[in-house]
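Undergrad: I'd like to ask some things about the structure below.
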Amino acid sequence: MADLSEHTVPMSADAFAVSRWARDHELVDGAVRAVAPGGGQHGRVQARLCALLMQHTLTHGGADVAVEVGFRLGPQTVRAPDVAVLGAVDFPQGARPEGFLEGAPTLAIEVISPGDAFSEVMARAQAYVDAGSRWVWVVDPRARVVLVLDGGVIHVRREGQALDAPGVLDGLSLPVARLFD
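The structure is reproduced here in structure tokens:
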């Protein structure tokens, strides 16, 4: 892995976008941070979420699903949620740029891995909210729950309950248990 210590001054999102770290790192307040790959359970839940949400968007339209796409949340911050749902409002012209996307996704989803510090995951979630995400889901495979950030309010969804995202995924009622089957 490249030595990040050579960057003692904050990096801009523009410089990060063309750097060698843009593929497997994130930029947080100007600092380049390595992103560890998720484990088996993380990948399974991420793939399941993507498939279930893609099925909904293909049937109902109005949104698109992306995996690990970089979003410029600010001039010195680029984050890549595990799954992102993009509404029509995210692309008023309809075209998707090839590089990082500007702003936050309408729905950002983070899946907690065993090595993740809960405080860091919640800081990521709050960064999406602060940058404009309407919804953020933090999925905890060990506890089999989903924390739903709706603006400044956190709701806990457990097995036996369903996830929704009105205004983004209209008509969605996704049973939490389906994420962990």
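Residue numbers (the numbering used here): 1 to 181.
For each residue, glycine too, the CB sits at the ideal point set by N, CA and C.
#1: For I109 versus V121, is the C-beta distance shorter than 8 Å?
#2: Mind pulling the beta strand (DSSP E) runs of 3 or more residues that sit fully within the segment 57-123?
#3: Tell me which residue opens and which closes the alpha helix (DSSP H) that R142 is part of.
#4: Among all the DSSP beta bridges, which residues are the ones paired with R157?
#5: Can R182 and E159 be called in contact, C-beta distance under 8 Å?
#6: Tell me the DSSP bridge mates of L49?
#7: What is the residue span of the alpha helix (DSSP H) that A165 lies within?
#8: In whole angstroms, give me the CA-to-CA distance for A162 and L149.
#9: Touch check for the segment 164-178 and the segment 66-74: three-plus C-beta pairs under 8 Å?
#10: May I have the straight-line CA-CA distance separating P81 from G62, to the nearest angstrom?
#11: Quick check on DSSP: helix, strand or coil for A176?
TA: Here's the rundown:
#1: no
#2: 63-67, 71-74, 77-79, 83-87 and 107-111
#3: First-last for R142: undefined, no H or E at that position.
#4: V146
#5: Nothing can be reported for residue 182: it is not among the residues displayed for the chain, which extend from 1 to 181.
#6: Paired residues: none, contrary to the question.
#7: Careful: A165 lies outside any alpha helix (DSSP H) and carries neither H nor E.
#8: 14 Å
#9: no
#10: 20 Å
#11: Note that residue 176 corresponds to Val in the displayed sequence, not to Ala. Looking at V176 - three-state DSSP - the assignment turns out to be coil, as it is neither helix nor strand.
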